[in-house]
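Novice: Heads up: the sequence shown begins at 1 in UniProt numbering, then just goes up one per residue.
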Amino acid sequence: MHQEHPIKLYLVVWAWLFILSTCSYLVDYFGLQGYLRWSLILIFMILKAGLIVAVFMHMAWERLALAYAIILPPILVLVFVTMMVFEADYTLFTRLAFFGAGP
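(1) DSSP three-state label for A67, please.
(2) Residues in its own chain within less than 7 angstroms of I41 by CB, not counting five upstream and five downstream?
(3) Hey, would you say A67 sits closer than 7 angstroms to M59, going by beta carbons?
(4) Measure the C-alpha to C-alpha separation of W38 and W61 and round it to an integer number of angstroms.
(5) When burial is assigned at 16 or more other CB atoms within 10 Å of the CB, is F86 buried or exposed?
(6) Given a threshold of 16 other Cβ atoms within 10 Å of its Cβ, counted over all protein chains shown, does K8 qualify as buried or as exposed?
(7) If L20 sits next to L47, beta carbons under 8 angstroms apart, how far is it from one beta carbon to the other, in whole angstroms?
(8) Does the beta-carbon of V55 have 16 or more other beta-carbons within 10 angstroms, so that it is buried, or is it exposed?
(9) Would you check if the distance between the CB atom of L51 and the CB atom of W16 is smaller than 7 angstroms?
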């Protein structure tokens, strides 16, 4: 039989989503710039996504294997994208060192 979750859980998660969205808005409101701004926005975004996946998609109550099957691929994509960014920087700096800045 399907287990019903208490409405209080959904209201608490909704409140946390509202708080995190407000914090994300305040980052822009206070005019934070640079890496601090993007770091805070990404942290708030990841926390909100984690809450949504855990509670509204019922991932917190699934088997660990299913959770890994859903969560692991995006993490690996981020790792590979990070590796490509470092490789692109290395290639750019090598080209600049050997061929100059260009016309």
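All residues carry an ideal CB built from backbone N, CA and C; glycine is no exception.
Since the structure is predicted, the reported quantities are computational estimates derived from the model, not experimental observations.
Specialist: This is what the structure gives:
(1) A67 falls in the helix class under three-state DSSP.
(2) S24 and V27
(3) yes
(4) 32 angstroms
(5) exposed
(6) exposed
(7) 6 angstroms
(8) buried
(9) Contact: yes.
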